[in-house]
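Residue numbers (my numbering): 1 to 242. For every residue, glycine included, the Cβ atom is placed at its ideal position computed from N, Cα and C.
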Amino acid sequence: MFKSAEEKPVDFLPRHVAIIMDGNGRWAKERGLPRTEGHRVGAESVQEVIEGAVELGIEYMTLYAFSSENWKRPEREINALMKLLIRFLKDKEKELLDQNIKLQAIGRLHRLSEKCLKQLHRTIEATSHCTGTTLILALSYGAREEIVDGIKSIVHHVQEGHIDPAMIDEDIVSKHLYTRYYPDPDILVRTSGEMRISNFLLWQISYSELIVVDKNWPDFRKEDLLLAVKEFGRRNRRYGGI
Ligand code: IPE
Ligand code: IPE
Ligand code: MG
Numbered sequence: 001m002f003k004s005a006e007e008k009p010v011d012f013l014p015r016h017v018a019i020i021m022d023g024n025g026r027w028a029k030e031r032g033l034p035r036t037e038g039h040r041v042g043a044e045s046v047q048e049v050i051e052g053a054v055e056l057g058i059e060y061m062t063l064y065a066f067s068s069e070n071w072k073r074p075e076r077e078i079n080a081l082m083k084l085l086i087r088f089l090k091d092k093e094k095e096l097l098d099q100n101i102k103l104q105a106i107g108r109l110h111r112l113s114e115k116c117l118k119q120l121h122r123t124i125e126a127t128s129h130c131t132g133t134t135l136i137l138a139l140s141y142g143a144r145e146e147i148v149d150g151i152k153s154i155v156h157h158v159q160e161g162h163i164d165p166a167m168i169d170e171d172i173v174s175k176h177l178y179t180r181y182y183p184d185p186d187i188l189v190r191t192s193g194e195m196r197i198s199n200f201l202l203w204q205i206s207y208s209e210l211i212v213v214d215k216n217w218p219d220f221r222k223e224d225l226l227l228a229v230k231e232f233g234r235r236n237r238r239y240g241g242i
C-alpha cells in the first residue's frame, strides 16, 4: 500500500496516466512459456496499476490493451486475449465498484466479439455512476483510425449545418475524438524498453511526458507506477515556452 492520500507520497500528481503495456510475449519467452501465459500474468499487472492509480488519486488512466494492428496476430492469440479480457471484466466488476472506478473504453469496439462487447458494456454500465478514477481501456484502438473517424464526424456535422468549417479549431478536433471526455495524458509510460508510440493517442500525447520502463509488462508493479509519477514530478514542462 502507498501512504494514504493525506500523506501525499508525491507532490505533483498527473491527472491522466496512459500506459502502453508491452512485453508480455518476451516475458513468457524468457521463461520458456507460451505467449498467452505472458498475457495472463500481464492481467495481474493491470490489477496492480489500477490499485496504484486509486491509491495515488489519479483521475484518469488509459491502458493500451489491444491495438488495431494486433488483429494481425494469430487467431489463437487473439482468442486468448479476448477470453482474458472477458474474464477480467467479469471478475473485477465488484472490485471496480468497491474502488469507485468508472470503466470506459475507446477504439473500434464493434470489431470485438459479441460476447466481449456485451461484457464490456455490462461493466461500463455497472460502473457508470462511479466518481473515482476513470479507467479507460483502449481496445481495437488505433490513433490513425480515431483521427479518420473524427474527420468523418466533423464532415458530417458540417454537412448537417452544425459546424461552420471556418470555425474548426483544435478544440473542435479534440471533441470529435474517442477521448473527447478526458484531458490529454500527462504521462505516457511504455514498458519493455521499446521507444515507440505504436499508433497510440497520437493527437493527445503532443505534450505528454514520455517514460520508458525497461521491465516487461508482467513485471510492472505499483511501485513502478509510483516511480513514473515521481519522475513526472521532476520534469519541467515548458509547452514551447521558456
Ligand atoms: C503486449 O505484449 C500485449 C499486447 C500487445 C496485447 P506483447 O504481446 O506485444 O508482447 P511482446 O511485445 O511480443 O513481448
Ligand atoms: C502496442 O504494442 C500495443 C499494445 C500494447 C496493445 P505492440 O507490441 O503491438 O507494438 P509493436 O508491434 O511492438 O509496435
Ligand atoms: Mg509488443
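### Query
Expressed to the nearest angstrom, what Euclidean distance is found between the alpha-carbon atoms of HIS176 and GLY150?
A direct Cα-Cα distance of roughly 5 Å separates HIS176 from GLY150.
### Assigned secondary structure, GLN159 (DSSP; H/G/I helix, E/B strand, else coil)
In the structure shown, GLN159 sits in a helix (DSSP, three-state: H, G or I).
### Query
With DSSP run on the structure shown, which of helix, strand or coil describes GLN204?
In the displayed model, GLN204 falls within coil according to three-state DSSP, outside both helix and strand.
### Message
Quick check on the DSSP output: the beta strand (DSSP E) that includes GLU209 runs from which residue to which?
### Response
Its beta strand (DSSP E) spans residues 209 to 212.
#### Entry: Euclidean distance between Cα positions of GLU75 and GLU48
Roughly 28 Å between the two C-alpha positions.
### Residue burial classification, TYR181 (beta-carbon count within 10 angstroms, cutoff 16)
Around the beta carbon of TYR181, fewer than 16 other beta carbons lie within 10 angstroms, which makes this residue exposed.
### Task
Quick one: which unbroken alpha helix (DSSP H) runs of 4-plus residues sit fully inside the segment 165 to 205? Chain order, please.
Secondary structure within the segment 165 to 205: the alpha helix (DSSP H) runs of 4 or more consecutive residues, fully enclosed, are 170 to 175 (chain order).
#### Entry: THR179 vs LYS215 beta-carbon contact at 8 Å
Going by C-beta atoms, THR179 is not nearer than 8 Å to LYS215.
### Task
Could you please go through the chain and list the residues whose beta-carbon is closer than 5 Å to any non-hydrogen atom of ligand 1?
Any residue whose Cβ sits closer than 5 Å to a heavy atom of ligand 1 makes the list: ASP22, GLY23, ASN24, GLY25 and ARG26.
### Query
Just to confirm, does ILE20 get its C-beta within under 7 Å of one of the non-hydrogen atoms of ligand 2?
Correct: ILE20 has its Cβ closer than 7 Å to ligand 2.
#### Entry: LEU96: first and last residue of the uninterrupted alpha helix (DSSP H) it sits in
Segment 75 to 98, the alpha helix (DSSP H) holding LEU96.
### Task
Note down the Cα distance separating LEU97 from ILE197, rounded to an integer number of angstroms.
Taking the straight line joining both Cα atoms gives about 31 Å.
### Message
Buried or exposed, going by whether 16 or more other CB atoms sit within 10 Å of the CB of HIS156?
### Response
Only exposed fits HIS156, as fewer than 16 other CB atoms lie within 10 angstroms of its CB.
#### Entry: Range of the contiguous alpha helix (DSSP H) that encloses HIS121
Counting along the chain, HIS121 sits inside the alpha helix (DSSP H) bounded by residues 114 to 126.
### Task
Kindly indicate which three-state DSSP category PHE66 falls into: helix, strand or coil?
When secondary structure is reduced to three states using DSSP, PHE66 falls in the strand class.
### Message
Closest to ASP91 by C-alpha separation, out of GLY57, THR131 and ALA43, would be which residue?
### Response
Considering only alpha carbons, the answer is ALA43.
### Message
With three or more C-beta pairs closer than 8 Å as the rule, is the segment 53 to 71 touching the segment 136 to 144?
### Response
Contact between the segment 136 to 144 and the segment 53 to 71 is present, because at least three Cβ pairs lie under 8 Å.
### Task
Please determine if the segment 95 to 111 and the segment 126 to 135 are in contact, where contact requires at least 3 C-beta pairs separated by less than 8 Å.
Short answer: they touch.
### Query
Excluding five sequence neighbours on each side, which residues of the same chain lie with their C-beta closer than 6 Å to the C-beta of ILE20?
If we look at ILE20 and ignore the five residues flanking it on each side, its Cβ neighbours are TYR64, ARG190 and PHE200.
### Query
Got a sec, what are the start and stop residues for the beta strand (DSSP E) THR134 sits in?
Going by DSSP, THR134 is part of the beta strand (DSSP E) stretching over 134 to 141.
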